[in-house]
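Take a look at the structure set out below.
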Amino acid sequence: MRIAALCAVLGGWNFGMSIVITVAQQKGGAGKSTLAANLAAALAAVRRVAVLDIDPQHSLARWHAIRMARTAPAAALTFSDLAGWRLAGELDRLRRTHDVLLIDTPPVIDADSRRAIRGANLVAVPVQPSPPDIWAAEGTLKLAAEEKRPACLILNRVPTGRRLRETTDGELRARGLAVLPAELGNRAAFSHAFAEGLGVTEAAPRSQAAVELRAVLSAMLAQIA
Ligand SMILES: Nc1ncnc2c1ncn2[C@@H]1O[C@H](COP(=O)(O)OP(=O)(O)OP(=O)(O)O)[C@@H](O)[C@H]1O
Ligand SMILES: [Mg+2]
């Protein structure tokens with residue numbers, strides 16, 4: 007069931023080459039590591055996936071360590087934390103043996119983030135639906151534009167209420183920012199799965215969080231195709 011659902015998401019999506027997705031946003035706590043981990047876990051069920059953690063906080067490294075220590079093993083993922091000037095070479099090396107490379111980045115715009123964006127086929131910018139988060143995302147989008155890399159905003163932790171939603175939509179429209187036509191709600195399943203070294207499609211494949219994650223993945227792949 008889980009694999010079938012993911013294959014449906016990936017249906018028709020054939021990699022002529024490996025792809026690199028960089029998750030970046032200078033605002034802390036936007037959901038970069040959560041998004042990177044969940045995309046990696048979902049894709050690992052059906053593709054060869056490597057995750058790269060270039061954030062000195064190493065949240066994704068910890069997630070991966072928990073995943074490796076599980077008594078019930080999860081789908082295999084290659085992990086790397088090479089950063090700095092060695093990143094480009096590491097991407098070249100991993101591209102040869104993997105279908106998808108996912109890079110989690112620190113909440114700053116620095117030389118490392120720029121290198122990770124430069125190497126990407128798509129820059130995924132998670133953003134919580136509040137004006138300061140949207141303003142912060144603009145710096146990351148500008149960097150992607152400077153590096154001539156396609157980027158998409160992905161709304162994360164979207165509450166059910168309409169008021170904030172309308173304000174957010176207004177901010178996005180006023181700034182002419184395009185947003186992925188799929189989003190993630192504010193769901194405890196994401197933190198529960200992360201604590202177990204899993205993604206929501208593994209820990210709770212029938213949850214609303216998993217449904218949303220698959221929709222986000224599908225919409226992201228459509229941006230690359
Ligand atoms: N969709 C979601 N629903 C509920 N909680 C979420 C969601 N996305 C992220 N979170 C929670 O928000 C917090 C911050 O998420 P995360 O660590 O992924 O952000 P980050 O952008 O990587 O942060 P940093 O900039 O510090 O690296 C975590 O506690 C995470 O569990
Ligand atoms: Mg993080």
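Using this note's numbering, the letters of the sequence shown correspond one by one to residues 7 to 231.
Ideal Cβ positions, reconstructed from N, Cα and C, are used throughout, including at glycine.
Proximal residues to residue i (C-beta, below 6 Å), its chain only, five neighbours per side dropped
| i | result |
| --- | --- |
| HIS70 | PHE85 |
| MET7 | With a pLDDT of only 42 at MET7, under 50, the local geometry of the prediction cannot be trusted, and no value is derived from it. |
| THR28 | ILE109, ALA122, ILE123, ALA126, VAL129 |
beta-carbon residue i near ligand 2 non-hydrogen atom, thresh 7 Å
| i | result |
| --- | --- |
| ASP118 | no |
| LYS33 | no |
| ASP139 | no |
| GLN63 | yes |
| LYS38 | yes |
| ASP110 | yes |
Own chain, CB closer than 7 Å to residue i, minus 5 neighbours either side, in chain order
| i | result |
| --- | --- |
| THR40 | PHE196, PHE200 |
| ALA221 | ALA188 |
| ALA225 | LEU186, PRO187, ALA188 |
| GLN32 | PRO113, VAL114, ILE115, ALA142, GLY145, THR146 |
Residue i CB to nearest heavy atom of ligand 1 below 7 Å
| i | result |
| --- | --- |
| LYS154 | no |
| ARG220 | no |
| PRO135 | no |
| LEU170 | no |
| LEU58 | no |
| SER197 | yes |
| GLY191 | yes |
Helix, strand or coil at residue i [DSSP, three-state]
| i | result |
| --- | --- |
| LEU100 | helix |
| SER86 | strand |
| THR111 | coil |
| ARG95 | Looking at the sequence provided, one finds Gly at residue 95 rather than Arg. If DSSP states are grouped into helix, strand and coil, GLY95 belongs with the helices. |
8 Å Cβ shell around residue i - same chain, five flanking residues per side excluded
| i | result |
| --- | --- |
| LEU170 | PRO135, SER136 |
| ALA151 | ALA157 |
Closer than 8 Å to chain E by CB, residue i
| i | result |
| --- | --- |
| ILE123 | Absent here is chain E; the protein component of the structure consists of one chain. |
For residue j and residue i, believed in contact at Cβ under 8 Å, the rounded distance
| i | j | result |
| --- | --- | --- |
| ALA42 | LEU108 | 5 Å |
| HIS104 | VAL55 | 6 Å |
| GLU190 | ASN162 | First, the amino acid is wrong: residue 190 is Leu here, not Glu. Yes, LEU190 and ASN162 are in contact; Cβ-Cβ is about 5 Å, under 8 Å. |
| LEU49 | VAL131 | That pair is no contact at about 19 Å. |
| LEU204 | ARG73 | 7 Å |
| ALA47 | GLU208 | 5 Å |
>> If we require 4 or more residues per run, which alpha helix (DSSP H) segments fall completely within the region 37 to 85?
In response: 38 to 50, 65 to 74
> Which full runs of the alpha helix (DSSP H) of 4+ residues lie inside the region 109 to 182, going along the chain?
Replying inline: 117 to 124, 137 to 152, 168 to 180
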